[in-house]
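Asks: Each protein sequence line maps, in turn, to chains R and W.
The numbers in numbering that gives the first Met the number 0 rise by one with no breaks, and the one at position 250 of the first sequence is 249.
The numbers in numbering that gives the first Met the number 0 rise by one with no breaks, and the one at position 216 of the second sequence is 215.
All residues carry an ideal CB built from backbone N, CA and C; glycine is no exception.
Number of protein chains: 2
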Amino acid sequence: MKSLLAVAFALLLTACASPALRGTGDLGIVIERASGSVAIVDNSARAVLARVEGLGDLSHASVVFSRDGRYGYVFGRDGGLTKVDLLERRITKRIIQAGNSIGGAISQDGRLVAAQNYQPGGVKVFDAQTLELLADIPATFGDGKQTSKVVGLADVPGNKFAYALFDAGEIWVADLSQPREPKVTKYRNIGSQPYDGLVTPDGRHYMAGLFGEDGVALIDLWKPEQGAKKILANYGKGAEKLPVFKMPHLRGWAVAGGRAYLPAIGRHEVLVVDTATWQEVGRIPVKGQPVFVMARPDGRQIWVNFAFPDYSHVQVIDTLEQKVVQTLAPGKAVLHMEFTPRGDNVWISARDDNRVVVFDTASFARLAELPAQNPSGIFFTSRAARIGF
Amino acid sequence: MKSLLAVAFALLLTACASPALRGTGDLGIVIERASGSVAIVDNSARAVLARVEGLGDLSHASVVFSRDGRYGYVFGRDGGLTKVDLLERRITKRIIQAGNSIGGAISQDGRLVAAQNYQPGGVKVFDAQTLELLADIPATFGDGKQTSKVVGLADVPGNKFAYALFDAGEIWVADLSQPREPKVTKYRNIGSQPYDGLVTPDGRHYMAGLFGEDGVALIDLWKPEQGAKKILANYGKGAEKLPVFKMPHLRGWAVAGGRAYLPAIGRHEVLVVDTATWQEVGRIPVKGQPVFVMARPDGRQIWVNFAFPDYSHVQVIDTLEQKVVQTLAPGKAVLHMEFTPRGDNVWISARDDNRVVVFDTASFARLAELPAQNPSGIFFTSRAARIGF
C-alpha cells in the first residue's frame, strides 16, 4: 500500500512537473553559436528563461516561429533543422536535412517550413508539425546537371517562397499551395551571382543583391509578367574597389516611410532609396561599414551595426532628420539587433562580451544586460505575424 | 491509508486539471454582444475553443491584448473592463470603471491599459496586471467645470495615448512614461465635435473625424510643434445632405502603399487619399455606405462592409486595379472583419445569422463557418504586436 502511495505521488510529480501556463507573444530565441545552444528569452521580463543545447553548428543560424508562437525552427549551418518548444524548453524534433544550409522561412499559413541549401543546392519543404519532407526542389539549371546554391529565401503571400540561385543567376518563386506539388516560376538572367535577397514588409517586392556585378535585381510580385529588372546600377563594389570586410545582409535592409535604407558596400554610408522609383535619394554618413540597417517598427529610427573594426558600436539614424542622432557601445562584436514588437526596446547581441544588452529606444537608456554564450542572432516570436521574415 | 491514497489522487486530478500548454499567437476573442459573452477562438484550427460569460453590456465592445498574448482586456459599453485569460478560459478580473465607456487601448510597453469614457468623461489608466487604477485624467475644458466625452483613444509610441474630446473640440496626448504622473499635451480648437480617431500604422499621424463640420483634424506626432491642421475639407456630410445610416468608424480606415482608403460618409464610395499630401486622389464606387474599410496586412486588398440596407455584403477592392474585384455574402448583418496576422484568411461576423465565416483571401473560398451568438467584433492576439490598435 505504501508503495502504491509512492507511485501515486511520483505520478503526481511527473504529471504536474509540466511548465506553467503562459502566453508566447513575448518569447524569443538567442543563438549561442559557439556552444550550439539557444537561450529562450522573455522580452517583457528581460530575462533568460532557459538554455537548450544540442543544436549543432549554429554559425549563421536563423529562426522562424510557428503561427501559435510556441515553436521555433532553428536552421543551422550544418543542414540541421531543429524544432524547439519554447514552453517545454526542449527540442521537439531535430533532423539533418542537407549537408550545408543557410536559413529558412515559414509559409504564410504556418503549415510549411522551407530550408534553403548550399549542398545539395535547392529548397526542401517540410510539414511544420512533424518535419516530414513534403517537397524537394533541386536548384538545377543550365543543362539540368548543375545545381546552384540557394540564397535569400523569403516567404511571400499566397503560400509562396521566393529565393535566388547564386550560381545560376536566377530567381525562383515556388507556389506551395499544394505542398506536394510545388509550382515554380523561374526568372532567368536576373544578374550575376545573387548572394542574398529580401522581400519588402508588404510582400510585394523581392530583391536580390548581386555579387558578380553592381546593382540589385528586383521583381514586383504583384506584376510578375514584367519580369525582373535591375535597380541601383551603382550598388555594389563600384568602380573604385574598396576592401569589404563583410558582405552586408540584405535581410537587414530597412523600409520605412516610403524609403529603403541600405548598407553601402565597403563604404561608411547608409544609402537612402525612394521605394516608389527605386532611385537613390540620399546617403547618410555612419561610423563604419554597415552590416544590418534595421528600422524600428514605427519607422522613426534606423539602427545600424558595423563590420570589423567598428563592430563594437551601434548608431541610430533619425529618419525625420536623416542623420545619426546617437552612438552606442553595447559591447564587443555586435552581431545582431531585434526590436520588441512595438519598438519600445531593442535587444543587441555582443558576441565577444558574452552578453545581450537591452536598450530603451526613446531614451537610449541601458535597461538590462543578459548573459549569453557568444550570442549572435536574436529572434522574437512576433516574427510569426510578419511577412518576409 | 486508503483515504490518503484517495487524497493523493484527488490532488493529482486537481493539480493536473489545468489546461494544456499551448502558444497564444493564433488565439482571439469574438464579442457576442447580445449575451454578454465572448468566444475564445483559434485561427489556425478555425475553431471556437470556449465561451466565457458574464461580461455585461458588450454593445460597441472592443478588445486589446497583453504583450504575451495570454490576456484580453474587454471594454464594455457599461464601463466594464474585464480581463479574460485565454488559456484558462475564464475571467481573471472585472471592474466597473465608469458609467458609460467606448473602448480602450494598451500602452506600447504593455504595462498600462487605458479606458476612454463618456460618463464621467475622461481617460482612466490601469495597471495591466492588477487593474489597479494608476491615473485618472478627467476631460475638463472651458471654465474647468465642464467635462467632455472622450473618443478615438489610441496608443502611440513612447507610452503615450492620443484621444479626442467630443464636446470640447480638442485632441489630447497623454504621456504615461510615469504612470502616476501623466503629462498631457492639449491641442485646442481642432474642429467641431470630433467623433472618432485613429493613429496610422506607423504611429506618426493622429486623425480625428469631425461630426460638427466637414473635414478631418490631423496631428503629425513627429512634429507636434506644428499643431493640428485640417485636411479633407469636404470630408463629412458635405453641401448636399445625404441620409447617413451609420457614422463610419475611423478605426476602420486602411493605410496601404502610401494611400489611405476611407469610407465616404453617406455615399456609396471609398475615398482614396495620398498620405504624403493628405489630398484626395480618387473615389471607388462600392455597393453601399461603407462602415469598415480594412486593408489586408500586405495592402494588396481592401475589404469593405456596409451600413443598412447593404449590410449583408462585403466587397473586396484590389489596390493595384483600384476597383472592386469581388462581392461576397457572408450572412446577415456583417459587423466586423479581422485578418489573420499575415493575411491568408479573413474572419467576418454575421450578427443576425449567428455565425462567423472564414474566407481564404486569395481564392475567396469559404473555409469555415463557426457558431457564435450575435457576433460583433473579432480581435486576434496579433494586435498586441501592432501600433495603434
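Can you tell me whether DSSP reads GLU320/W as helix, strand or coil?
Replies: Residue 320/W sits at position 321 when you count from the first residue of the second sequence. Coil, per DSSP.
Asks: Distance, Cα to Cα, ALA38/R vs VAL51/R?
Replies: Against the first sequence, residue 38/R aligns to sequence position 39. Against the first sequence, residue 51/R aligns to sequence position 52. Answer to the nearest angstrom: the Cα atoms are 6 Å apart.
Asks: Decide if the region 339-359 of chain W is in contact with the region 295-305 of chain W; the criterion is three or more beta carbon pairs, one per stretch, under 8 Å apart.
Replies: Yes, the region 339-359 of chain W touches the region 295-305 of chain W.
Asks: Where does ASP195/R land, buried or exposed, given buried means 16+ other C-beta within 10 angstroms?
Replies: In the first sequence, the residue the question calls residue 195/R occupies position 196. Its Cβ being crowded by 16 or more others within 10 Å, ASP195/R is buried.
Asks: Closest Cβ-Cβ distance between ARG341/W and chain R: below 8 Å?
Replies: Translated into positions along the second sequence, residue 341/W becomes position 342. Yes, ARG341/W counts as interfacial toward chain R.
Asks: Counting only Cβ pairs nearer than 8 Å, list the residues of chain W close to ALA383/R.
Replies: Start at 1 with the first residue of the first sequence, and residue 383/R comes out as number 384. Simply GLY24, PRO340.
Asks: Could you give the first and the last residue of the continuous beta strand (DSSP E) run that contains VAL271/W?
Replies: Reading the second sequence from its first residue, position 272 is the one you call residue 271/W. Start and end: 268-273.
Asks: In angstroms with no decimal places, state the Cα-to-Cα distance between ALA263/R and PHE210/R.
Replies: For this step, residue 263/R is matched to residue 264 along the first sequence. For this step, residue 210/R is matched to residue 211 along the first sequence. Straight-line Cα distance between these residues: approximately 13 Å.
Asks: Please decide whether ARG282/R counts as near chain W, where near means a Cβ-Cβ distance under 8 Å.
Replies: Position 283 of the first sequence holds residue 282/R. Output row for ARG282/R: interface = no.
Asks: Taking only the alpha-carbon atoms, compute the straight-line gap between GLN118/W and ALA163/W and give it to the nearest angstrom.
Replies: What you label residue 118/W is simply residue 119 of the second sequence in a count that begins at 1. What you label residue 163/W is simply residue 164 of the second sequence in a count that begins at 1. Computed Cα separation, rounded: 15 Å.
Asks: Select from GLY143/R, ASP142/R, GLN115/R the residue whose C-alpha is nearest the C-alpha of ASP135/R.
Replies: Here residue 135/R is taken as the residue at index 136 of the first sequence, counted from 1. Residue GLN115/R is the option with its Cα nearest to ASP135/R.
Asks: What residues are listed by DSSP as bridge partners for GLY103/R?
Replies: Position 104 of the first sequence, counted from the start, is the residue given in the question as residue 103/R. ALA114/R.
Asks: With DSSP run on the structure shown, which of helix, strand or coil describes GLU224/R?
Replies: For the purposes of this step, residue 224/R is taken as residue 225 along the first sequence, with counting starting at 1. GLU224/R falls in the helix class under three-state DSSP.
Asks: List, in chain order, every chain W residue whose beta-carbon is nearer than 8 Å to that of SER65/R.
Replies: What you label residue 65/R is simply residue 66 of the first sequence in a count that begins at 1. Near SER65/R (Cβ distances below 8 Å), the residues of chain W are GLY22, GLY24.
Asks: Tell me whether ASP352/W is buried or exposed, calling it buried when 16 or more other Cβ atoms sit within 10 Å of its Cβ.
Replies: Within the second sequence, numbered from 1, the residue matching residue 352/W stands at position 353. It is buried - the Cβ of ASP352/W has at least 16 other Cβ atoms within 10 Å.
Asks: 8 Å is my cut-off, CB to CB: does SER17/R come that close to chain W?
Replies: Residue numbering aside, residue 17/R sits at position 18 when the first sequence is read from its first letter. True, the Cβ-Cβ gap to chain W drops below 8 Å.
Asks: Less than 8 Å separating the beta-carbons of ALA232/W and GLY257/W?
Replies: Position 233 of the second sequence, counting from 1, holds the residue named residue 232/W. Position 258 of the second sequence, counting from 1, holds the residue named residue 257/W. No, the pair does not count as a contact, with Cβ atoms beyond the cut-off.
Asks: Using the beta-carbon of each residue, which ones in chain R are nearer than 8 Å to ILE386/W?
Replies: Taking the second sequence and counting its residues from 1, one reaches residue 386/W at position 387. Correct list: PRO296, ASP297, ARG341, GLY342.
Asks: How would you write the range of the beta strand (DSSP E) that GLU169/W sits in, first residue to last?
Replies: To locate residue 169/W, count along the second sequence from 1; it is residue 170. Segment 169-174, the beta strand (DSSP E) holding GLU169/W.
Asks: Consult DSSP for ALA332/W and reduce its assignment to one of helix, strand or coil.
Replies: Numbered from 1 along the second sequence, position 333 holds the residue referred to as residue 332/W. Note: ALA332/W maps to coil in three-state DSSP.
Asks: Between which residues of its own chain and HIS248/R is the CB-CB distance below 7 Å, once the five residues before and five after are set aside?
Replies: Working through the first sequence from its first residue, we reach residue 248/R at position 249. The residues are ASP195, VAL290, PHE291.
Asks: Which chain W residues are close to THR276/R, counting only those with a beta carbon under 9 Å from its beta carbon?
Replies: Along the first sequence, one-based indexing puts residue 276/R at 277. Neighbours of THR276/R on chain W: none; closest Cβ ~12 Å, over 9 Å.
Asks: On the CB-based measure, 16 or more other CB atoms within 10 Å of its CB, does THR380/R come out buried or exposed?
Replies: Locating residue 380/R in the first sequence gives position 381, counting from the first residue. By the 10 Å Cβ count, THR380/R comes out buried.
Asks: Go ahead and pull the three-state DSSP assignment for ASP351/R.
Replies: The residue labelled residue 351/R in the question sits at position 352 within the first sequence. In the structure shown, ASP351/R sits in a helix (DSSP, three-state: H, G or I).
Asks: Reducing DSSP to helix, strand and coil, say where ARG250/R ends up.
Replies: Working through the first sequence from its first residue, we reach residue 250/R at position 251. Here ARG250/R sits in helix by DSSP.
Asks: Quick check on this structure: which residue in VAL345/R, LEU369/R, ALA349/R has the alpha carbon closest to the alpha carbon of PHE358/R?
Replies: Locating residue 358/R in the first sequence gives position 359, where the first residue counts as 1. When only C-alpha atoms are compared, the closest one is VAL345/R.
Asks: Would you report the Cα separation of SER36/W and GLY376/W, rounded to the nearest angstrom?
Replies: Residue numbering aside, residue 36/W sits at position 37 when the second sequence is read from its first letter. Residue numbering aside, residue 376/W sits at position 377 when the second sequence is read from its first letter. Each residue's Cα considered, the two are about 12 Å apart.
Asks: Among all the DSSP beta bridges, which residues are the ones paired with GLU337/W?
Replies: Taking the second sequence and counting its residues from 1, the one referred to as residue 337/W is at position 338. GLU337/W pairs with TRP346/W.
Asks: Examine chain R for any beta-carbon lying closer than 8 Å to the beta-carbon of TRP221/W, and answer yes or no.
Replies: Position 222 of the second sequence, counted from the start, is the residue given in the question as residue 221/W. Closer than 8 Å: yes.
Asks: Identify whether ARG179/R lies in helix, strand or coil by the three-state DSSP scheme.
Replies: Mapped onto the first sequence, residue 179/R falls at position 180. It is coil, neither helix nor strand.
Asks: Mind checking the region 109-133 of chain W against chain R and listing, in chain order, the residues whose C-beta falls within less than 8 Å of any C-beta there?
Replies: Answer in chain order: GLY109.
Asks: If you follow the beta strand (DSSP E) that ASN233/W is in, where does it begin and where does it stop?
Replies: Here residue 233/W corresponds to residue number 234 of the second sequence, with the count starting at 1. That residue, ASN233/W, is in no beta strand (DSSP E); it is neither H nor E in DSSP.
Asks: State yes or no: is the beta carbon of ALA227/R nearer than 8 Å to at least one beta carbon in chain W?
Replies: Here the question's residue 227/R lines up with position 228 in the first sequence. Output row for ALA227/R: interface = no.
Asks: Within the same chain, show all residues whose beta-carbon is closer than 8 Å to that of ILE90/R, passing over the 5 residues directly before and after it, in chain order.
Replies: One-based indexing of the first sequence puts residue 90/R at position 91. Taken in chain order, the residues that qualify are VAL51, GLY53, LEU54, THR81, LYS82, VAL83, ASP84.
Asks: Quick check: the Cα distance between ILE189/W and ILE386/W, rounded to an integer number of angstroms?
Replies: Within the second sequence, residue 189/W is the residue found at index 190, counting from 1. Within the second sequence, residue 386/W is the residue found at index 387, counting from 1. Roughly 23 Å separates the two Cα atoms.
Asks: Closer than 8 Å by C-beta to ASN99/R: which residues in its own chain qualify, once you throw out the five before and the five after it? Chain order, please.
Replies: In the first sequence, the residue the question calls residue 99/R occupies position 100. Excluding residues within five positions, the ones whose Cβ falls inside 8 Å are ARG76, ASP77, GLY78, ASN116, TYR117, GLN118.
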